[in-house]
Amino acid sequence: MWISRFYLVALVAIFLHCSNAQDNTIGVFYGKYTDQGEEYKRIVDDAIDHVGGNLRVTHLVPEIVNTEKVFYDNINQALRVGICNRVENTNLKALIVPNDICVGCRNIGGIAGDAVNPVITTDLTYDSSAIKLYPSKDDLTDLFISLVNYTKWTDFIIIYDHTGGKFIMKYFILQLRNNDIIKFIIRITPYQVKNLMDLRDKLRNSRVKNILLFCEFEEIALSVVRMAIDEELMTDSYHWMLGNINLPLVYSDIDKIRLGRAYVTRLAMEFGSTPGRFTTQKAEPLDEWPYRLRLTYDAVLAIDEGLRLHRARLGNEPAHTSRCPNTDQSSINAKSTLLDDMKRINLEGMSGPINFDQRGNRVNYTIDIYMGKGLTVFFHSDLRKSPIGTWTQDIRSWETLNGRRWPNGNKRLFMRAFRNADLDTIKISSLQEAPYLIDDSERGFYGYIPTILEKVKRVMEDELGLPFDYQLELVSDGDYGRYDSVENRWSGLMAKLTEGHSDIAAAPLAITSERDSAVDFTIPFLKAELGVLIMHPNWVREHVFAVMFPYSATVWVFFVLAVLFIGLFLWGISYLNPYEWRKLAERGQATEEQGNYLNFWNAPWFQTSTILFQGYDHSPRSWASRTISAFWFWFSLMMIFIYLLNLSPFLTASKNLARIKDIGQLMRQTTVDVGFVRDSSAYDFFRNNEVDQYRRMWEYIHSANSMYREDSTIVGKIEDGIHRVRHSNGQYALIHDRATLIAESRQRRCSMYITGGHFALVEYGFAVPSGSPLRDQLTYVFKILHERNEFEGLLDNSTWFDPEKDGPCRTGDPKLWKDQTLFSITTGDLIGIYLLLAIGMAVSIGIFLVELVAYNLGVGNDLGGGRGRPIRNQGQGQMRTEQYAPAAGGGGDGMDGKGWI
């Protein structure tokens, strides 16, 4: 008997169990994306198999009308026909609803949650009674605002889809504009999934490269990302912030992004346990699963856990779902007893920890922030990089779970310092160039750049709450960097950034379009002048006989020959002309002394004395001699004045460059070679300038260096340029940053001078790897420092010099030395004249010695009147010259002494 009763009890239990098992059925809806293939159905079945027990599933696939699946396009149809009518006569205990049952409807999951309960949604829903696995709109908005605040984007584009994405982005923009701390320019690009090419054109034509992408449907977000990859919109200088959580990019997508070198920010809601503990037949790695697929799996886990909690609380199974309003008046505002238990769930799912608050919003989760290029944002465990930051939905929950205090006070976003090159410190590369940066063994790094970095560190840490521990290092080759099209890489300072060895390039690096295409620049921290460094004219040593240069050597030779020839010609006329002094003396009409006035020795002296405007001792007597003398006077006058008019440029040639005030004057001079430091600010300014005179200057210098010269005027380093100026004796001028040239001109020896006026300005900015958030953060800091005028006068620090090169001209008033002998004729300019005078003295002494010897030897007695022929004393009755009137035809003025014609 008792055995029969046992079997009866067992049969009743089995019947009751089967009855309960039949009642614990959930309904899963499928829409436009979730109904493609069998993937979502299989994952739901996998989850059912994983939880085991008495949970069953009813797949509510789209209805088929005339062999075509029906997808609703308005809320009323989706709710009444698609949901309420299909669950009205069922005994479903809970519903899983994705938003794609009505792609064009906003918040369809939330609306369904207010009509039926319990409903658990797998897409963005808000302001409803639904149990929401996707983060709430408030949490998403806080996350996006925190990230934009961290990156300090000055402007950006928002891409969203036309349903929930549009709502969340408008809500985000509203919150952003109401934030008094953040002041940004917002650009919105509405996105229609059918018009990807229109979106492509908008992005391509925009100068803005920061892009925030968030779509309600991750399938649309993926299509945008892949379009950007294919259309080369994920390249250097772009920063894409992918707002969809765990956007399922596969390895091929990441590899293409890596090759394009775009900077990418990704969000990942992490889970604590290994994915292997979940039963599934899906072979792909969990990182490549669509996030909604993971949430669908977790929805099944959550419902099963809710049923377990319900049985533990009440000892029975919950009733079926409440009915939609107006279908059963008794069910209006009715609430399933399972709903409260769903809000007490605490478990780990495929998407992370699963907890809900009393409004059904997901809570107590953490999102990791990944930023970088290529594999930096790939989530596979074997290639995973450390996240750069963490956003937590609830700080207290995080502290309880991790057993330590949250590291960022009451702010839910904690970002570690961005360090692309090193995990411990921000690596900053620079160049040694006074006064911007000097490396001293005793003082370490000092100068303009280190001082700026100290100010940046203070603002970043004290005012923005961002750590800024950095390590400053110098580029070994001292090269700003240039692009090698053959090797497809940069050199020098630029290579440090493009190859990932540095996070910041802090140097007087000119902002150019070529560099900006490879790296990102902050706003300028300095607008610097260019100057021209030359040898100070006082130190330039011209040619010793520069005073002779107004005439060529042949002119001087012919001039000397003219003196000799005219002298001989005059002697010949005076020798033969009967009206000249010689013939008059022979006829007794003049003294013997007068007869020697224009002899062989005195005629050339007559020519020489008239050249130097010293007059003459005795004038010619005949009209023939006077005629040639008149023409000789005119010839001498022309030669002297032409010489004097052309002498000044040769004596002041070294001073011409010191007078230059604009680029036109610099181009017009032809005596001095002009050069740059390769890839310096001056080099880039002229190379990339479209202003005609600057462009002509570049073409002139570049063509002269590449075609006509073996010794290029373009040097590799600033030290080479300074050395060349010092040792070129005024034949080389270097165009470079004026502040650097001032520092160099103060160093011994003090032989250089800076000219050039104010003919050019260049802009210097810090450079970072393209897409790096440091660009906008540093830009934000620079704006603050500019507003506080902390850059004003900073460069005028006289202590920023290289102690190994310091000279005496660093101290004192530089203007006094600057003006001294700058435009005056100096002793150095006249050394040739002094030398000619010295040569004249030497020749005179030589002739004196010859004359002395000749006199003692009795040679040349006729010179100066002759030695052996005493001068006869004529006494009172001597014959006067004027008593001898010339014979007919010879000048009858009776002059016997000095006189003019």
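Residues -21 to -1, 1 to 880 (mature numbering (1 follows the signal peptide of the UniProt record, and there is no 0)) make up the sequence shown, in order. All C-beta atoms in this analysis are idealised placements derived from N, C-alpha and C, irrespective of residue type, glycine included. Nothing here was measured: the structure is a model prediction, and the numbers come from that model.
Item                                                                                                                                             : Value
Should Ala298 go down as buried or exposed, given a rule of 16 or more other Cβ atoms within 10 Å for buried?                                    : exposed
So is Gly294 buried or exposed if we call it buried at 16+ other beta carbons inside 10 Å?                                                       : exposed
Would you kindly report the start and end of the unbroken beta strand (DSSP E) that includes Glu508?                                             : Leu505 to Met514
What residues in its chain sit with their C-beta under 6 Å from that of Phe655, if we drop five residues either side in the sequence?            : Ala661, Tyr662, Ile693 and Ile714
Does the region 28 to 44 touch the region 99 to 119, meaning 3 or more C-beta pairs lie closer than 8 Å?                                         : no
Which one or two residues does DSSP pair with Trp469 in a beta bridge?                                                                           : Tyr462
Quick check on the DSSP output: the alpha helix (DSSP H) that includes Asp25 runs from which residue to which?                                   : Glu18 to Val30
Here's the rule: buried if 16 or more other CB atoms are within 10 angstroms of the residue's CB, otherwise exposed. What is Phe761?             : buried
Given a cut-off of 8 Å, decide if Ser408 and Glu452 are closer than it, judged by their beta-carbon atoms.                                       : yes
Relative to the alpha-carbon of Ile513, which residue among Ile721, Val822 and Arg461 has its alpha-carbon at the smallest distance?             : Ile721
My understanding is that Phe135 touches Val187, with C-beta atoms under 8 Å, so please give their C-beta distance in whole angstroms.            : 6 Å
Rank Val435, Ser315 and Arg437 by C-alpha distance to the C-alpha of Arg302 and give the top, closest one.                                       : Ser315
Rounding to the nearest angstrom, what Cα-Cα distance links His218 and Trp377 in this structure?                                                 : 29 Å
If you reduce the DSSP assignment to three classes, tell me which class Val98 lands in.                                                          : strand
Is it the case that the Cβ atoms of Ile346 and Asn334 are separated by a distance below 8 Å?                                                     : no
Excluding sequence positions up to five away, which residues of its chain have a Cβ less than 7 Å from the Cβ of Ala532?                         : none
Is the beta carbon of Gly457 closer than 8 Å to that of Lys696?                                                                                  : yes
Taking all protein chains shown into account, decide if Val498 is buried (16 or more other Cβ within 10 angstroms of its Cβ) or exposed.         : buried
Which residues bound the beta strand (DSSP E) around Gly368?                                                                                     : Gly368 to Thr371
Ignore the nearest five residues each way along the sequence and tell me which others in Gly854's own chain have a CB closer than 8 Å to its CB. : For Gly854, the predicted structure reports a pLDDT of 42, less than 50, and the residue's modelled location is therefore unreliable. The matter cannot be settled from this model.
Ile160 by DSSP, collapsed to three states: which one?                                                                                            : Note on Ile160: pLDDT 44, under 50, position unreliable in the model; the coordinate value appears next. Three-state result, Ile160: coil.
Using only CA atoms, which one of Gly222, Leu178 and Glu198 lies nearest to Ala207?                                                              : Leu178
Quick one: what's got a C-beta closer than 6 Å to Asp283's C-beta in the same chain, skipping five residues either side?                         : Val30 and Leu34
To the nearest angstrom, how far is it from the Cα of Ala278 to the Cα of Val23?                                                                 : 9 Å
Select from Leu238, Met248 and Ala241 the residue whose C-alpha is nearest the C-alpha of Leu119.                                                : Met248
How should Arg391 be labelled, buried or exposed, when 16 other C-beta atoms within 10 angstroms of its C-beta is the threshold for buried?      : buried
Where does Pro77 fall in DSSP's three states?                                                                                                    : coil
Taking just the CA atoms, how far does Ile374 sit from Leu380?                                                                                   : 10 Å
Spell out the partners DSSP gives Val40 in its beta bridges.                                                                                     : The partner list for Val40 (beta bridge, DSSP) is empty, contrary to what the question assumes.
Would you be able to state if there are at least three C-beta pairs under 8 Å between the region 750 to 759 and the region 124 to 131?           : yes
Do Ala241 and Met220 count as a contact pair if the criterion is CB distance below 8 Å?                                                          : no
Tell me where the beta strand (DSSP E) around Ser185 begins and ends.                                                                            : Counting along the chain, Ser185 falls outside any beta strand (DSSP E), and DSSP gives it neither H nor E.
Quick check: the Cα distance between Asp58 and Gly328, rounded to an integer number of angstroms?                                                : Checking the sequence shown, residue 58 turns out to be Leu, not Asp. Taking the straight line joining both Cα atoms gives about 29 Å.
Whole angstroms are fine: how far does the CA of Glu67 sit from the CA of Thr306?                                                                : In this predicted model, Thr306 has a pLDDT of only 46, less than 50, meaning its place in the structure is not dependable; the value taken from the coordinates is given anyway. Their backbone Cα atoms lie some 8 Å apart in a straight line.
Ends of the alpha helix (DSSP H) at Tyr427?                                                                                                      : Tyr427 to Asp441
Report yes or no: do three or more beta-carbon pairs, one from the region 473 to 487 and one from the region 736 to 749, lie closer than 8 Å?    : yes
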